[in-house]
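Chains as they are written, first to last, in the numbering used here: chain A, 30 to 334; chain B, 30 to 334.
Heads up, the beta-carbon is just placed ideally off N, CA and C, and yes, glycines get one too.
See structure below.
2 protein chains.
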Amino acid sequence: MPIDPHGLLLALDYGGTKHTAALLVRGEQKWLAHARTFSPPGADARYDQAAMLRMAHELLARHPGRLAAVGVSFGGPVDAGRGLVRLSHHVPGWEETPLRDLLQAEFGVPAAVDNDANVAALGEWRYGAGQGCQSLLYVTISTGIGGGWVLAGRIYSGADGMAGEIGHVVVRPGGAACVCGKRGCLEAESCGPAMARAAQARLAAEPATGAHLAALAGGDPGRVTGKLVAEAAAGGDALAQEVLDHAARMLGVGLGGAINLMNPERIVLGGGVTKSGDRYWQIVRETARDHALPQMRVEIVPAGW
Amino acid sequence: MPIDPHGLLLALDYGGTKHTAALLVRGEQKWLAHARTFSPPGADARYDQAAMLRMAHELLARHPGRLAAVGVSFGGPVDAGRGLVRLSHHVPGWEETPLRDLLQAEFGVPAAVDNDANVAALGEWRYGAGQGCQSLLYVTISTGIGGGWVLAGRIYSGADGMAGEIGHVVVRPGGAACVCGKRGCLEAESCGPAMARAAQARLAAEPATGAHLAALAGGDPGRVTGKLVAEAAAGGDALAQEVLDHAARMLGVGLGGAINLMNPERIVLGGGVTKSGDRYWQIVRETARDHALPQMRVEIVPAGW
Numbered sequence: 030m031p032i033d034p035h036g037l038l039l040a041l042d043y044g045g046t047k048h049t050a051a052l053l054v055r056g057e058q059k060w061l062a063h064a065r066t067f068s069p070p071g072a073d074a075r076y077d078q079a080a081m082l083r084m085a086h087e088l089l090a091r092h093p094g095r096l097a098a099v100g101v102s103f104g105g106p107v108d109a110g111r112g113l114v115r116l117s118h119h120v121p122g123w124e125e126t127p128l129r130d131l132l133q134a135e136f137g138v139p140a141a142v143d144n145d146a147n148v149a150a151l152g153e154w155r156y157g158a159g160q161g162c163q164s165l166l167y168v169t170i171s172t173g174i175g176g177g178w179v180l181a182g183r184i185y186s187g188a189d190g191m192a193g194e195i196g197h198v199v200v201r202p203g204g205a206a207c208v209c210g211k212r213g214c215l216e217a218e219s220c221g222p223a224m225a226r227a228a229q230a231r232l233a234a235e236p237a238t239g240a241h242l243a244a245l246a247g248g249d250p251g252r253v254t255g256k257l258v259a260e261a262a263a264g265g266d267a268l269a270q271e272v273l274d275h276a277a278r279m280l281g282v283g284l285g286g287a288i289n290l291m292n293p294e295r296i297v298l299g300g301g302v303t304k305s306g307d308r309y310w311q312i313v314r315e316t317a318r319d320h321a322l323p324q325m326r327v328e329i330v331p332a333g334w
Numbered sequence: 030m031p032i033d034p035h036g037l038l039l040a041l042d043y044g045g046t047k048h049t050a051a052l053l054v055r056g057e058q059k060w061l062a063h064a065r066t067f068s069p070p071g072a073d074a075r076y077d078q079a080a081m082l083r084m085a086h087e088l089l090a091r092h093p094g095r096l097a098a099v100g101v102s103f104g105g106p107v108d109a110g111r112g113l114v115r116l117s118h119h120v121p122g123w124e125e126t127p128l129r130d131l132l133q134a135e136f137g138v139p140a141a142v143d144n145d146a147n148v149a150a151l152g153e154w155r156y157g158a159g160q161g162c163q164s165l166l167y168v169t170i171s172t173g174i175g176g177g178w179v180l181a182g183r184i185y186s187g188a189d190g191m192a193g194e195i196g197h198v199v200v201r202p203g204g205a206a207c208v209c210g211k212r213g214c215l216e217a218e219s220c221g222p223a224m225a226r227a228a229q230a231r232l233a234a235e236p237a238t239g240a241h242l243a244a245l246a247g248g249d250p251g252r253v254t255g256k257l258v259a260e261a262a263a264g265g266d267a268l269a270q271e272v273l274d275h276a277a278r279m280l281g282v283g284l285g286g287a288i289n290l291m292n293p294e295r296i297v298l299g300g301g302v303t304k305s306g307d308r309y310w311q312i313v314r315e316t317a318r319d320h321a322l323p324q325m326r327v328e329i330v331p332a333g334w
């Protein structure tokens, strides 16, 4: 189906619990309108799909215009070629859902579906910190760690649509247990919850070194988050600093391996954990450089969006 | 320059000490003729270039016909876009040599230059075990470990022409010292000389467990090679089997990381070490699968050439 060059675009982002819909005029970078909804615990794919459609139709009703196309960012593995959601690691019931075809039938316009990290990589390449480069690895360090490649101006998604899963590259053999069943995956060492778990374990073992962090958490180690670890580190907490430094080093090890394998021109890092300050970035960059061959130059930069 | 569709192709392979030239008729896979020369210890780039040109001109003199193009496989980093050899890790004097332009001036026909692993990847994709696939990682496990990517029918060489350096991905932090200065690189754990060094160290420490290997080496641990380790393992030598198993496991770890990052359709393994038997291949495949996400299917197959 050709896409109407003057119509509206509907952008849908299906997250683990947070879903966003936005309308924009083609060729413009500013939203015309957007809406957000949160799923209750236990929501399944059917619930999320209905909530998203309701939200999208409300947006369209408030902003008359000709819809041209629907673009979808999905938080899980997608077969983009067939527009098929393979599964969600967080929401049950998404297995093999033909989301592209469902949306084309619903809205009567072309739709495209891809994994959220791939879509973010393309977005950074087109509008953000990846502009002008030929090969880009985008990595988001947040509740989990995911990534996507843009090579020669296109998303590279691999044979099963799964390329970019740097979060499950083992960076510390025998290390922390990962949701995927392995040990020492980058995600298990460096994502926000991994920092929180590491800090909690250390706090229990040696409370004196993490006094500032413990105070920030109101005295309840169970309330420690990755964000609090970064805050405590910035405030001089030695325990939090060590936990944050370890997460940065492990990320650098993972990026170094990716550099050796693919020699990308630029690596763009997004997600909340990357807001952990200059020292975090310095360790990530130094470790990545130390783990890659010296002939490979690469810029490691923060996401623009 | 357009390439004469009916002429001869001259293929040149510059190795560390072994250099090969071959002539073939375009579109045919069989050599018309080939020649090989070995450089003496201490030879530099100037020596190797002269030896190669002499050999090529002799081939051409013996096989009259119109030369159409020259294709070069170079054992070191190459900027293929500019036809520039960046350096050789084995032969001094290659730094920033414009080999493509030198050959075009010498032979008066178009020339193309790329890294040997990239060229091997393309060869396997076109004529070997990679035929028909969309994304291919080729890895050679030999004196060193190198690799190359073919994505969508083209060599993917990265921002500095260095993509595919899986040999310098760290698979065992703090492991064996690597020529690149790091520790625990795949090359330092799994190449032929790495197996030899590991076996020699073990033989010195516990000679009783490696009696068969020691006998194969004529009682001189200094003569142990990777090939002898594989032979001794096949003959039931426990020490050699452990060394070989470790090399296979480390290769599987490295491949698992590459699978997570790039989700290639196929991985083709070449080089002498891959001739180490069924158990070697089984460990490589199992470890790679165990280190990649289960949604990623990938075939790991021996090189066809």
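### Task
Just grab the DSSP bridge partners of residue 123(B) for me.
Residue numbering aside, residue 123(B) sits at position 94 when the second sequence is read from its first letter. In the DSSP output, where bridge partners are listed per residue, residue 123(B) has none listed.
### Message
Are the CB atoms of residue 95(A) and residue 112(A) within a distance shorter than 7 Å?
### Response
By 1-based counting over the first sequence, the position of residue 112(A) is 83. By 1-based counting over the first sequence, the position of residue 95(A) is 66. No; because the gap between Cβ atoms is not below 7 Å, this pair is not in contact.
### Query
When the Cβ atoms of the segment 114-128 of chain A are set against those of the segment 154-168 of chain A, are three or more pairs found closer than 8 Å?
no
### Query
How about residue 195(A) and residue 283(A): do their beta carbons lie closer than 7 Å?
As a working mapping, residue 195(A) is identified with position 166 in the first sequence. As a working mapping, residue 283(A) is identified with position 254 in the first sequence. In contact: residue 195(A) and residue 283(A) (Cβ atoms closer than 7 Å).
### Query
Is the number of C-beta pairs between the segment 268-285 of chain B and the segment 243-259 of chain B that are closer than 8 Å three or more?
yes
### Task
Spell out the partners DSSP gives residue 60(A) in its beta bridges.
Taking the first residue of the first sequence as position 1, residue 60(A) is located at position 31. Looking at the DSSP assignment, residue 60(A) forms a beta bridge with 53(A).
### Message
Give me the DSSP bridge partner(s) of residue 185(A).
### Response
In the first sequence, the residue the question calls residue 185(A) occupies position 156. Beta-bridge pairing links residue 185(A) to 178(A).
#### Entry: Cβ contact (3+ pairs, closer than 8 Å) linking the segment 317-333 of chain A and the segment 39-54 of chain B
no
#### Entry: Per-residue burial, residue 211(A) [other beta carbons within 10 Å of its own, 16 or more giving buried]
Looking up residue 211(A) in the first sequence gives position 182. So residue 211(A) counts as buried.
### Task
With distances taken Cα to Cα, identify the nearest neighbour of residue 255(B) among 226(B), 135(B), 299(B), 327(B).
Taking the first residue of the second sequence as 1, we reach residue 255(B) at position 226. It is 226(B).
### Message
Less than 7 Å between the C-beta atoms of residue 281(B) and residue 317(B), yes or no?
### Response
Here the question's residue 281(B) lines up with position 252 in the second sequence. Here the question's residue 317(B) lines up with position 288 in the second sequence. Yes, Cβ-Cβ distance for residue 281(B) and residue 317(B) is below 7 Å.
### Task
Establish whether the CB of residue 108(B) and some CB of chain A are separated by less than 7 Å.
Position 79 of the second sequence, counted from the first residue, corresponds to residue 108(B). No, its Cβ sits nowhere closer than 7 Å to a Cβ of chain A.
### Task
Using a Cβ cut-off of 8 Å, pull out every chain A residue sitting near residue 286(B), in sequence order please.
For this step, residue 286(B) is matched to residue 257 along the second sequence. Here the neighbours are 198, 199, 286, 290.
### Task
Could you round the C-beta distance between residue 51(A) and residue 81(A) to whole angstroms and report it? I think they count as a contact, below 8 Å.
Position 22 of the first sequence holds residue 51(A). Position 52 of the first sequence holds residue 81(A). Not really, about 12 Å apart at Cβ, beyond 8 Å.
### Message
Please classify residue 60(B) as buried or exposed, where buried requires at least 16 other C-beta atoms within 10 Å of its C-beta.
### Response
Within the second sequence, residue 60(B) is the residue found at index 31, counting from 1. Under this definition residue 60(B) is an exposed residue.
### Query
Between the C-alpha atoms of residue 41(A) and residue 131(A), what's the straight-line distance to the nearest angstrom?
Here residue 41(A) refers to the residue found at position 12 of the first sequence. Here residue 131(A) refers to the residue found at position 102 of the first sequence. One C-alpha to the other measures close to 13 Å.
#### Entry: Where residue 172(B) falls: helix, strand or coil (DSSP)
Translated into the one-based positions of the second sequence, residue 172(B) becomes position 143. Coil.
#### Entry: Endpoints, the alpha helix (DSSP H) within which residue 219(B) is located
For the purposes of this step, residue 219(B) is taken as the residue at position 190 of the second sequence. Counting along the chain, the alpha helix (DSSP H) containing residue 219(B) begins and ends at 215-219.
### Task
Determine the extent of the alpha helix (DSSP H) in which residue 274(B) is found, giving its start and end residues.
The sequence position of residue 274(B) within the second sequence is 245, counting from 1. Element bounds for residue 274(B): 267-291.
### Message
Let me check understanding here. Comparing Cα to Cα, which of 291(B), 299(B), 101(B) lies closest to residue 178(A)?
### Response
Position 149 of the first sequence, counted from the start, is the residue given in the question as residue 178(A). Measuring from the Cα of residue 178(A), the nearest candidate turns out to be 291(B).
#### Entry: 7 Å Cβ cutoff, residue 48(A) in contact with chain B
For this step, residue 48(A) is matched to residue 19 along the first sequence. So no, residue 48(A) is outside the interface.
### Message
For residue 259(A) and residue 302(B), I'd like the C-alpha separation in whole angstroms.
### Response
Residue mapping note: residue 259(A) aligns to position 230 of the first sequence, counting from 1. Residue mapping note: residue 302(B) aligns to position 273 of the second sequence, counting from 1. Rounded to whole angstroms, residue 259(A) to residue 302(B) spans 46 Å at the Cα level.
### Task
Tell me whether residue 145(B) is buried or exposed, calling it buried when 16 or more other Cβ atoms sit within 10 Å of its Cβ.
Position 116 of the second sequence holds residue 145(B). Buried: at least 16 other Cβ atoms inside 10 Å.
#### Entry: CB contact check: residue 324(A) to chain B, cutoff 7 Å
For the purposes of this step, residue 324(A) is taken as residue 295 along the first sequence, with counting starting at 1. Taking Cβ atoms only, chain B reaches closer than 7 Å to residue 324(A), which makes this a yes.
### Message
Let me confirm a value: residue 236(A) is counted as buried when at least 16 other C-beta atoms fall within 10 Å, else exposed. Which label applies?
### Response
Here residue 236(A) corresponds to residue number 207 of the first sequence, with the count starting at 1. Per the 10 Å Cβ criterion, exposed.
### Task
Measure from the C-beta of residue 164(A) to each C-beta in chain B and report whether the shortest distance is under 7 Å.
In the first sequence, counting from the first residue as 1, residue 164(A) sits at position 135. Answer yes: the Cβ-Cβ gap between residue 164(A) and chain B drops below 7 Å somewhere.
### Query
Whole alpha helix (DSSP H) runs in the segment 59-122 of chain A with 4 or more residues, listed along the chain?
74-91
### Contacts of residue 211(A) in chain B (Cβ-Cβ under 8 Å)
Walking along the first sequence from the start, residue 211(A) turns up at place 182. Result: 319, 320.
### Query
Is DSSP giving residue 299(B) helix, strand or coil here?
On the second sequence, position 270 is the one that residue 299(B) refers to. It is a strand residue.
#### Entry: Any chain C beta carbon closer than 7 Å to residue 45(A)
No chain C appears in the structure shown, which is made up of the protein chains A and B.
### Task
Report, in whole angstroms, the separation of the C-beta atoms of residue 97(B) and residue 36(B), which I expect to be a contact under 8 Å.
Translated into the one-based positions of the second sequence, residue 97(B) becomes position 68. Translated into the one-based positions of the second sequence, residue 36(B) becomes position 7. Yes, residue 97(B) and residue 36(B) are in contact; Cβ-Cβ is about 3 Å, under 8 Å.
#### Entry: Short Cβ contact (7 Å threshold) for residue 324(B) with residue 33(A)
As a first step, residue 324(B) is located in the second sequence; it is residue number 295 there, counting from the start. As a first step, residue 33(A) is located in the first sequence; it is residue number 4 there, counting from the start. No, they are not a contact pair.
#### Entry: The beta strand (DSSP E) enclosing residue 329(B), as first and last residue numbers
If you number the second sequence from 1, residue 329(B) lands on position 300. It spans 328-331 - the beta strand (DSSP E) in which residue 329(B) sits, taken as one unbroken run.
### Task
Can you pull the chain B residues whose beta carbon is under 9 Å from the beta carbon of residue 111(A), in chain order?
Residue mapping note: residue 111(A) aligns to position 82 of the first sequence, counting from 1. Correct list: empty, because the minimum Cβ distance to chain B is about 14 Å.
### 7 Å Cβ shell around residue 272(A) - same chain, five flanking residues per side excluded
The residue labelled residue 272(A) in the question sits at position 243 within the first sequence. Same-chain partners within the cutoff: 224, 227, 228, 231, 258.
### Task
Tell whether a beta-carbon distance below 7 Å holds between residue 202(B) and residue 213(B).
Here residue 202(B) refers to the residue found at position 173 of the second sequence. Here residue 213(B) refers to the residue found at position 184 of the second sequence. Yes, they are a contact pair.
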